[in-house]
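Colleague: The numbering of the sequence shown is our numbering, which starts it at 275 and goes up by one. Quick reminder that beta carbons are idealized off the backbone N, C-alpha and C, glycines included. Please find one structure pasted underneath; my questions will follow.
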Amino acid sequence: MTLDFSNRRRFVLSGVGAAALATLPQLRAQAQTPTANRVLRVGHQKGFLSLLKGRGTLEQRLAPLGVKLTWTEFTAGPVQLEALNVGSIDFGDVGEAPPIFAQAAGAPLAYVAATVPRPATEAVIVPKDSPIRSVADLKGRKVAYNKGSNVHYFLVKLLEKNGLKYDDVQSVFLPPSDARAAFERGAIDAWVIWDPFLAAAEVGLGGRILADATGVVNNRAYYFSTLDYAAKNADVVRIVIEEINKLDQWGSAHRDALAAEFAPLWGLPKPVVDRSVGRAVYGTGPITKAILQEQQVIADTFFNLKLIPKKINLLEAAVNAG
Numbered sequence: 275m276t277l278d279f280s281n282r283r284r285f286v287l288s289g290v291g292a293a294a295l296a297t298l299p300q301l302r303a304q305a306q307t308p309t310a311n312r313v314l315r316v317g318h319q320k321g322f323l324s325l326l327k328g329r330g331t332l333e334q335r336l337a338p339l340g341v342k343l344t345w346t347e348f349t350a351g352p353v354q355l356e357a358l359n360v361g362s363i364d365f366g367d368v369g370e371a372p373p374i375f376a377q378a379a380g381a382p383l384a385y386v387a388a389t390v391p392r393p394a395t396e397a398v399i400v401p402k403d404s405p406i407r408s409v410a411d412l413k414g415r416k417v418a419y420n421k422g423s424n425v426h427y428f429l430v431k432l433l434e435k436n437g438l439k440y441d442d443v444q445s446v447f448l449p450p451s452d453a454r455a456a457f458e459r460g461a462i463d464a465w466v467i468w469d470p471f472l473a474a475a476e477v478g479l480g481g482r483i484l485a486d487a488t489g490v491v492n493n494r495a496y497y498f499s500t501l502d503y504a505a506k507n508a509d510v511v512r513i514v515i516e517e518i519n520k521l522d523q524w525g526s527a528h529r530d531a532l533a534a535e536f537a538p539l540w541g542l543p544k545p546v547v548d549r550s551v552g553r554a555v556y557g558t559g560p561i562t563k564a565i566l567q568e569q570q571v572i573a574d575t576f577f578n579l580k581l582i583p584k585k586i587n588l589l590e591a592a593v594n595a596g
């Protein structure tokens with residue numbers, strides 16, 4: 275099965291494709307064009323913001339404020355954050371890891387909203403006939419995952435919780451498409467991955483979940499802006515968060531319909547999307563200091579793993595966190 279799903283939320287800055295980055299000079303030029311009225315330039319991946327764009331409800335809410343919207347689709351969170359850094363978008367969606375790398379690189383990002391925890395949507399998966407039956411059995415085994423991603427952090431904490439050290443396993447750094455191929459041909463013993471790749475491996479390859487992130491990490495997704503835009507346009511940001519949460523609540527109550535919309539967007543069979551959507555938890559709200567502290571722990575872990583060059587303070591990437 276070929277997955278036509280953008281690697282939503284997860285690739286570190288060093289993994290961004292050259293083709294995607296090639297669009298940035300054009301975006302820089304767009305960013306320098308002056309406008310008379312307020313504009314909200316939204317960067318989105320193939321997810322809830324894409325559905326929100328299709329509905330047109332955000333335009334309706336912002337029209338009385340004289341706010342014009344533009345939409346630009348990206349292939350991954352780091353590309354969005356680079357676009358934010360060069361001043362070509364004002365808002366976007368991302369996972370836990372990319373904004374940590376972006377802040378460490380000096381991007382002026384602000385966390386403005388977060389989803390509820392979704393730990394069941396990432397897991398360690400093994401072949402159905404694997405002799406590995408517990409996390410402890412991973413010792414000495416080849417475990418594949420995307421370096422510097424949310425599942426990198428999850429694996430560190432999962433091993434720690436089960437009395438293992440990070441170097442007790444043989445880490446194999448692979449992006450999802452390569453990891454799936456390695457998993458399918460038996461070149462790795464386990465794969466740490468997120469939905470919908472996780473669901474596709476279960477449905478299409480008969481993979482067995484060894485452990486998901488429940489009780490280990492929260493696995494949130496985030497919405498971001500720039501510090502300057504968020505401070506000067508708090509009314510706009512508030513309305514965007516409200517509309518995203520409305521869509522979240524609709525999706526939670528209408529999962530079959532949500533899966534039917536996501537299936538063609540992601541290029542996946544509906545049974546795969548049904549599994550992914552079925553175990554997700556939906557809801558989006560403003561950033562709090564407690565949520566930022568969760569991100570701080572991830573950032574500190576990445577610093578200790580030498581994935582980022584310096585320690586960062588997550589409180590510097592928020593506007594009026596409660």
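Would you decide whether residue 320 is buried or exposed? Buried here means 16 or more other CB atoms lie within 10 Å of its CB.
Modeller: Looking at its Cβ environment, which holds 16 or more other Cβ atoms inside 10 Å, residue 320 is buried.
Colleague: Does DSSP put residue 323 in a helix, in a strand, or in coil?
Modeller: helix
Colleague: Does the pairing of the region 434–445 with the region 413–420 give three or more beta-carbon distances under 8 Å?
Modeller: yes
Colleague: What are the boundary residues of the beta strand (DSSP E) that residue 396 is part of?
Modeller: Annotation for residue 396: the continuous beta strand (DSSP E) segment containing it runs 396–400.
Colleague: May I ask you to verify whether the region 577–593 touches the region 360–376, counting CB pairs closer than 8 Å and requiring at least 3?
Modeller: yes
Colleague: At 4 residues or longer, what runs of the alpha helix (DSSP H) sit wholly inside the region 466–500?
Modeller: 471–479, all fully within the region 466–500.
Colleague: Return helix, strand or coil for residue 348, following the three-state DSSP convention.
Modeller: coil
Colleague: Output the boundary residues of the alpha helix (DSSP H) element that contains residue 450.
Modeller: 450–458
Colleague: Who does residue 383 pair with in a DSSP beta bridge?
Modeller: 500
Colleague: Straight-line CA distance for residue 537 to residue 353?
Modeller: 23 Å
Colleague: Classify residue 426 as helix, strand or coil using the three-state DSSP reduction.
Modeller: Helix.
Colleague: Out of 356, 385, 485, which one is the CA nearest neighbour of residue 503?
Modeller: 385
Colleague: Could you check if residue 339 is buried or exposed, using at least 16 other CB atoms within 10 Å of its CB as the buried criterion?
Modeller: exposed
Colleague: Is residue 367 helix, strand or coil by DSSP?
Modeller: Residue 367: strand per DSSP, three-state reduction.
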